[in-house]
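Engineer: Every position in the sequence shown, counted from 1, becomes a number in this note's numbering once 3 is added. Cβ atoms here follow ideal geometry from the backbone N, Cα and C, with glycine treated the same way. On a predicted model such as this, the values are computed, not experimentally measured, just so you know.
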Amino acid sequence: MTRTDLIDNQGAIPGAMSIGEAARASGVSAKMIRYYESIGLLPPSPRTEGNYRMYDARAVHVLRFIHKSRSLGFALEEIRTLLSLWNDRERASADVKAVTLRHVADLDARIGELQNMRDTLMTLANACYGDDRPDCPILQGVAGEEGDGTGGTDGDARCR
4 MTRTDLIDNQ
14 GAIPGAMSIG
24 EAARASGVSA
34 KMIRYYESIG
44 LLPPSPRTEG
54 NYRMYDARAV
64 HVLRFIHKSR
74 SLGFALEEIR
84 TLLSLWNDRE
94 RASADVKAVT
104 LRHVADLDAR
114 IGELQNMRDT
124 LMTLANACYG
134 DDRPDCPILQ
144 GVAGEEGDGT
154 GGTDGDARCR
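1) Look up Tyr58 in the DSSP assignment and say whether it is helix, strand or coil.
2) Are the segment 99-112 and the segment 61-70 in contact at 8 Å, needing three or more beta carbon pairs?
3) Does the beta-carbon of Gln168 have 16 or more other beta-carbons within 10 angstroms, so that it is buried, or is it exposed?
4) Touching or not, the segment 91-108 and the segment 118-129, by the rule of three or more beta carbon pairs under 8 Å?
5) What residue does the alpha helix (DSSP H) around Pro140 start on, and which one ends it?
6) Looking only at its chain, what residues have a beta carbon closer than 6 Å to the beta carbon of Val99, apart from the 5 residues adjacent to it on each side?
7) Are Leu85 and Val65 close, meaning C-beta to C-beta below 7 Å?
8) Within 10 Å of its beta-carbon, does Pro49 have 16 or more other beta-carbons around it, so buried, or fewer, so exposed?
9) Using three-state DSSP, classify Arg50 as helix, strand or coil.
10) When you compare each of Leu79, Ala19 and Val63 to Ile42 by their alpha carbons, which one comes out closest?
11) Do you know how far the Cα of Ala33 is from the Cα of Ala25?
12) Here's a check: name, in chain order, each residue in its chain whose Cβ is nearer than 6 Å to the Cβ of Met20, leaving out the five neighbours to either side.
13) Given a cut-off of 7 Å on the beta-carbon distance, is the pair Ala130 and Pro140 in contact?
Structure (structure tokens):
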């Protein structure tokens, strides 16, 4: 879309929004709108005579799509793929499903990693009495020292 596509015969841009209005309408900050435009996720916006960006309802719809995709944890390249599929009326839904299932698999792996971190932290926390002494297996565990409460050989490292 060009600026002349939006400008009526009196020089106004009917139905177009400023970047601030588009940000409020989409839930995406003006800074992120400019960023998405700079990396090609959002097509370049037409400009006013004063060089202000102007956005139409379609651009806001795309921004909402990006915002929702980000809230679901999709990476920018995955969003680029989803946008391409969204704009392709000849797409196969199997392609969209494949992108989604790959993302779910990535999330499952991250959830597993987070669960392992949580388990390690709970083991370290349980190895420490949490009293007034300065020695603590939590700090030893983070430092990778023996007797960190995670199954090392030094049973005396527990805070007593």
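Structural biologist: Taking the geometry as given:
1) strand
2) Judged by pairs of C-beta atoms under 8 Å, the segment 99-112 does not touch the segment 61-70, as fewer than three such pairs exist.
3) Any answer about residue 168 is impossible in this case: the structure gives the chain only from 4 up to 163.
4) no
5) Pro140 to Ala146
6) Leu88
7) no
8) buried
9) strand
10) Ranking the options by Cα distance to Ile42, first place goes to Leu79.
11) 8 Å
12) Tyr58
13) yes
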